[in-house]
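Participant:
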Amino acid sequence: MITIRRFAEGDHDDVVALIQGVMSKEFSQDAYAYPTADLDAINETYGGLGEAFFVAIDGKKVVGTVGIKKEDDRIAFLRRMFVSPDYRGQKIGSKLVQRALQFCEEVGYEEFVFRTTSRMTQAIELCKRNGFVQRAKIQLGPIELFKFVRALHPLNK
Numbered sequence: 001m002i003t004i005r006r007f008a009e010g011d012h013d014d015v016v017a018l019i020q021g022v023m024s025k026e027f028s029q030d031a032y033a034y035p036t037a038d039l040d041a042i043n044e045t046y047g048g049l050g051e052a053f054f055v056a057i058d059g060k061k062v063v064g065t066v067g068i069k070k071e072d073d074r075i076a077f078l079r080r081m082f083v084s085p086d087y088r089g090q091k092i093g094s095k096l097v098q099r100a101l102q103f104c105e106e107v108g109y110e111e112f113v114f115r116t117t118s119r120m121t122q123a124i125e126l127c128k129r130n131g132f133v134q135r136a137k138i139q140l141g142p143i144e145l146f147k148f149v150r151a152l153h154p155l156n157k
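1 is the number of the first residue of the sequence shown in this note's numbering; add one for each residue after it.
#1: So, is D11 buried or exposed, given that buried needs 16 or more other C-beta atoms within 10 angstroms?
#2: Measure the Cβ-Cβ separation of R115 and K147 and say whether it is below 7 Å.
#3: Under DSSP, the alpha helix (DSSP H) around T36 begins and ends at which residues?
#4: With a CB to CB cut of under 7 Å and the five nearest residues on each side skipped, what residues in its chain are close to G131?
#5: Are I19 and F54 close, meaning C-beta to C-beta below 7 Å?
#6: Using only alpha-carbon positions, find the residue among T65, I2, L49 and G59 that is nearest to V22.
#7: Since E26 is in the beta strand (DSSP E), which residue starts that stretch and which ends it?
#8: Please state whether DSSP places R99 in a helix, a strand or coil.
#9: Can you check which of these residues, K25, L49 and V97, is closest to A56 by C-alpha distance?
#10: Tell me I124's beta-bridge partners as DSSP assigns them.
#11: If you compare alpha carbons, which of D14, V133, A52 and I124 is closest to V107?
#12: For the segment 42-49 and the segment 66-73, state whether three or more C-beta atom pairs, one from each stretch, are separated by less than 8 Å.
#13: Quick one, which of K25, L39 and A76 has its alpha-carbon nearest F103's?
#14: What do you get for V63, buried or exposed, if any count of 16 or more other CB atoms within 10 angstroms of its CB means buried?
#15: With DSSP as the reference, label R129 as helix, strand or coil.
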C-alpha cells in the first residue's frame, strides 16, 4: 500500500536516487534547466515556514516525491514532482499533487505554480487534470519551459 508522508532525513538517499535516476534516463537534455543543489539539504531547502517535501512510500521504498517552496505569502511553487517509472499508472502522482494542494490551502496560499519543460508530458497532463492552467511559455535555449498556475481556496482567509 502506498502512503504519502512528510520527508524524513532517512529518505534522503532514496529521494536523490529516484530524482536523479528519472532525470538522467528520461530528461538528460533538460538537466541544466533543473539544478540539483536543493537535494543536498532537503530539510533545509523545504523546511521553512509554508514549505514542505512529501514522499510516496511503498513499504520502506520511496516511489514518489513532491516539494512545496514558498515564493511569497500568496504564491507557492510545486517542485520535484517525480514518480518511479515502475509505479506510474497507479495515481501516485495525483495523490502527491492532492497532498501538496491540501498543504498549500492549509497554509493560506492563493496560487500554486508549476514550471516544467515541454518534454515532461506526463507531469503536464497530471497538472492539467488537477486544475492547473498554462499561463506562460518561455524558450530557454533548446528547451521550452511552461508555467502552469492553479488558483487555491485558502482555508485561513
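A virtual CB, placed ideally from N, CA and C, is assigned to each residue, including glycine.
Remember, predicted model here, so these are calculated numbers, not experimental data.
Facilitator: Looking at the coordinates:
#1: buried
#2: yes
#3: No alpha helix (DSSP H) holds T36; DSSP gives it neither H nor E.
#4: R150
#5: no
#6: T65
#7: Not the beta strand (DSSP E): E26 falls in the alpha helix (DSSP H), residues H12 to E26.
#8: helix
#9: V97
#10: Beta-bridge pairing links I124 to no other residue.
#11: A52
#12: yes
#13: A76
#14: buried
#15: helix
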